[in-house]
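Protein chains in written order, with the numbering used here: chain A, 1 to 140; chain B, 1001 to 1440.
Listed below in structure tokens is the structure:
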């Protein structure tokens, strides 16, 4: 299964405090472990929300809101995408991650929707394509 | 209070279940590395697997009581190491008794144990790489290499392997036991091979991984058209290998090929389980993350000087399709040029056939027909895609009557019901007066 691993923001990360060389090195080692285990698909760090924008939707209206955003602990400071067997494996890998922040911090794991989750739901696109294919085959 | 008691029991049970899941996840993460370290130490893959298994059994009983240690990997390694040293001591004692030699062997013992300790402290990546090379060793049959790789590196159970290959668990278990015996008898070196030997052995490793991928991708057995779990396992093996051998261009070539091919898994099977050809797939369903990873891996293979490797070339072909936003945007001249190179690196009549198709798309049906005429057809005698391609080229060249004959021949050779109906449909279209030229 594919999971997104979200590193939550802290006051430090929101203030743009850069990690120490030690942390960068420890994080590098952890990333290397993930690569050698065939787990890591992609990942990156995000700039503080002061550099970000939000677009709020309300019916036909679109309102642009400039960062920074208030609810610091709910913001995302970085992410990985991993391929793991189950959530237990993802949790086990996260436990091995060095604390990504100076103080207390949190990492959240969220599984992706997968093909199987949609069961027999067939999108109109797929149905249409099938129809087109069949139209080319007389007698079907 | 009974309520309180049952609550406690429930909480304890749930904690036990959770611990059990945690321990299983740790085993999955540690297993291959542990076996790899032990194999180098005891020079026996079968024994290494048993020792690892013993360590897990001990961990399971300990950790459910005491909780999981902070560094479970080190804990498992230490436990397995102790067990291996005990075994070694016992073997030495037995040997001494048998030989009835009074000479003190304790110095030799200590040297042996020191060697074991050194082996376990070696670079973990190197050990895992060495285990991969051993599991894919050419002394084993292809089937044995596949089974052993899935078991030792992939951590699949014999039952899982049997289900993936629609075989019986007993047959797979026997194959693995026999493979381990063959390896033990061969007295192989557990070092990572170097130089020319490494090049040759790597070919076998890549072949095994691609065999696993293809078994998933084109499911030769069973009702399913694809078995995504096998593809995922092969991709994981490819990613592991890329992490362990980051200087090998063909490792990245194979990884690129698998990532890009797998990016289409969701798009290549229709709602009725039928295969949808590449040019007709809904490209919105292609997995962009896998495409991006595939293109990056291909770039890495090329940067390492491996652009002309057989896997890198096939990945470059797959990349041409991945880069095209619609079938119409496909860069057919580039695909034709890549096939020109591929046929010199990997000569095969099937490559020649695909090359003819690419040339027909790039330069017109006559170009395709000329290349088809040059193919040695003896190897493709009963191969439906050959007359199907000829029919298509003739049709596009306006030679309808001839095209019809070849479509019918192709339909007669096809063993797939849907494909047969499709080909008969095209044969029928040849007879239609004034029909618009058929387009894929």
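Just so you know, even glycine gets a beta-carbon here, dropped at the ideal spot from N, CA and C.
Query, Result
"Between the CA atoms of residue 1035 (chain B) and residue 1045 (chain B) - distance to the nearest angstrom", "8 Å"
"Best match in B:1265, B:1152, B:1079, B:1048 for proximity to residue 1060 (chain B) [C-alpha to C-alpha]", "B:1079"
"Residue 1432 (chain B) at chain A interface by Cβ criterion, 7 Å", "no"
"Through-space distance from residue 1404 (chain B) to residue 1398 (chain B), alpha-carbon basis", "11 Å"
"DSSP state of residue 1353 (chain B) mapped onto helix, strand, coil", "helix"
"Every unbroken alpha helix (DSSP H) inside the region 1123 to 1155 of chain B [4 residues or more]", "1124 to 1135, 1142 to 1152"
"CB contact check: residue 80 (chain A) to chain B, cutoff 7 Å", "no"
"Segment contact flag, the region 3 to 14 of chain A with the region 95 to 105 of chain A, C-beta cutoff 8 Å, min 3 pairs", "yes"
"Beta strand (DSSP E) runs contained entirely in the region 1027 to 1106 of chain B, provided each spans 3 or more residues", "none"
"Per DSSP, the bridge partner or partners of residue 45 (chain A)", "A:78"
"DSSP-derived helix/strand/coil call for residue 1 (chain A)", "coil"
"Same chain, Cβ closer than 8 Å to residue 1374 (chain B), neighbours up to 5 away in sequence not counted", "1352"
"Residue 1473 (chain B) at chain A interface by Cβ criterion, 7 Å", "Chain B is shown only over 1001 to 1440; residue 1473 (chain B) falls outside these bounds and no answer can be derived."
"Rounded Cβ spacing between residue 1261 (chain B) and residue 1318 (chain B) (contact assumed at less than 8 Å)", "6 Å"
"Near-chain A residues of the region 1232 to 1243 of chain B (beta-carbon distance less than 9 Å), N- to C-terminal order", "1232, 1235, 1236, 1237, 1238, 1239, 1240, 1241, 1242, 1243"
"Contact residues within the region 14 to 39 of chain A, judged by C-beta distance below 7 Å to chain B", "35, 36, 37, 38"
"Delimiting residues of the beta strand (DSSP E) encompassing residue 111 (chain A)", "107 to 111"
"Coarse secondary structure for residue 15 (chain A), derived from DSSP in three states", "coil"
"Residue 1164 (chain B) Cβ short of 6 Å to the ligand COA heavy atom set", "This structure simply doesn't include the ligand COA, nor any ligand for that matter."
"Other residues of its chain near residue 63 (chain A): CB distance less than 6 Å, five sequence neighbours each side excluded", "56"
"Residue 66 (chain A) - DSSP class collapsed to helix/strand/coil", "strand"
"Residues bridged to residue 53 (chain A) [DSSP beta-bridge criterion]", "A:66"
"Buried/exposed call for residue 1005 (chain B), threshold 16 Cβ in 10 Å", "exposed"
"Interface positions of the region 1279 to 1310 of chain B facing chain A (Cβ-Cβ less than 9 Å), listed along the chain", "1280, 1281, 1282, 1284, 1285, 1289, 1290, 1292, 1293"
"Alpha-carbon to alpha-carbon, residue 106 (chain A) and residue 70 (chain A)", "17 Å"
"Own chain, CB closer than 7 Å to residue 39 (chain A), minus 5 neighbours either side, in chain order", "82, 83, 84, 93"
"contact_flag[the region 1268 to 1276 of chain B, the region 1328 to 1335 of chain B] where n(CB pairs < 8 Å) is 3 or more", "no"
"Segment contact, 8 Å Cβ cut-off, at least three pairs: the region 1164 to 1172 of chain B with the region 1062 to 1077 of chain B", "no"
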